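Down below is the structure, laid out as structure tokens.
Residue numbers (our numbering): -10 to 114.
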């Protein structure tokens, strides 16, 4: 059994400079290390390692999620920075692209520069 592990998420990139700018400047994560192999960011006790790869085909499902508060204001803020939120025909979303799940969680999705699908989720209080 692991004792109090600190989680690190991993994502691939073929565009390390664009990823660096996106995660640092657009999303506001703190860059803690950078080398030819990867970029590492920190956010509220968790690490995100963006690994440089030669080729990559993004998945169509969510590969990274952020648990947040005030989703409406955060979606609007990211819109102003050029982030485009995904629209789906299979369920109803509001004008910002936010879906309310049966659990009452509010969820919105967007892609990073490599096409990795990322979600923002505001859980009900």
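Virtual Cβ for every residue (Gly too), placed ideally from N, Cα, C.
Keep in mind it's a predicted model, so treat the numbers as computed, not measured.
With contacts defined as CB atoms closer than 9 Å, residue 105 and residue 53 qualify as a contacting pair. The beta carbon of residue 9 is closer than 6 Å to those of 28 in its chain, skipping five residues each way along the sequence.
The way I'd put it, the region 36 to 51 does touch the region -9 to 6; three or more beta-carbon pairs between them come closer than 8 Å.
Counting C-beta pairs with one atom in each stretch, the region 59 to 67 and the region 19 to 28 have fewer than three that are closer than 8 Å, which means they do not touch. Scanning the region -6 to 31 for uninterrupted beta strand (DSSP E) segments of 3 residues or longer gives -3 to 2, 19 to 23, listed from N- to C-terminal end. Between the C-alpha atoms of residue 33 and residue 81 there is a straight-line separation of about 31 Å. For residue 66 and residue 26, the gap between their C-alpha atoms comes out near 31 Å. Ranking 101, 7, 68, 64 by CA distance to the CA of residue 111 puts 64 first.
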